[in-house]
Each structure stands twice: as structure tokens, then as C-alpha cells.
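Residue numbers in the sequence shown follow the UniProt record's numbering, run continuously in steps of one, and reach 107 at the last position.
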Amino acid sequence: MTAKATTSATFEQDVLNADGPVLVDFWAEWCGPCRMVSPVLDQIQAENPEKITVLKLNVDENPDLAMKYQITSIPAMKVFNKGEVEKTIIGAKPKFALEQDLASYLS
């Protein structure tokens, strides 16, 4: 896993005050689909380092943020831009589908 982790303590600095779009992957260790999507997000981050930042947030370790952003199923990915949620993606998807969902940020 190359995506950096964020936590309740660092979320404001890492995500809300970030320059440019940040995709936050809400995940948990026990979640199989989360483990499947993780390397795909790592690839997208590696191929687009100037366009989007990918961060991971463990919902078990940060339940306050999971509740605040109404995470009811995982994996859930939210794209933040200028501190606001601009896009929500639910569920594990293949790379091409995620790239389509994120096309406006990656182009």
C-alpha cells in the first residue's frame, strides 16, 4: 500500500486544507473488497501524482469521521476539493471504472 493514511488528528490538514483534489478511501482491515480496490487506487495515485492525492482512512480507527461523512458501506471513496465533498464512489470497481468516475480530476 503506497497511499498515505490520514486520521482524525490529521484529516483537516491532509484533506480539508489540501491544495487540489483529494480522494479519501474509507476502508477497514477486515473488508475484502477494500483490499481489492487498494492496489488500484495506488496505481491511480502513482500515475497521476500532480492531479489527485489518494489517502486512506480506517473507519474502525476513526469512527467519528466515518459517522460525519455518513459512511454506511465500505469501500467508500469521497473526493474532496477545497474542503468540500465533490464526488462519492461506493464499492470496489476495476481500474477503468474508477478512472471513468475520476475522469474530471485526471484529465
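All C-beta atoms in this analysis are idealised placements derived from N, C-alpha and C, irrespective of residue type, glycine included. Given the structure is predicted, the values throughout are model-derived calculations rather than measurements.
The distance from the Cβ of K93 to that of V54 is about 14 Å, inconsistent with a contact at the 8 Å cut-off. Contact check for P21 against N81 passes: the beta carbons are separated by less than 8 Å.
Going by beta carbons, L65 and A3 fall outside the 8 Å limit. If you compare the alpha carbons of S8, L106 and A97 with that of F26, the shortest gap goes to S8. Judged by beta-carbon spacing, I90 lies beyond the 8 Å limit of A103, meaning their Cβ atoms are not closer than that value. For I44, the enclosing alpha helix (DSSP H) stretches over residues G32 to E47.
In the structure shown, the three-state DSSP call for D25 is strand.
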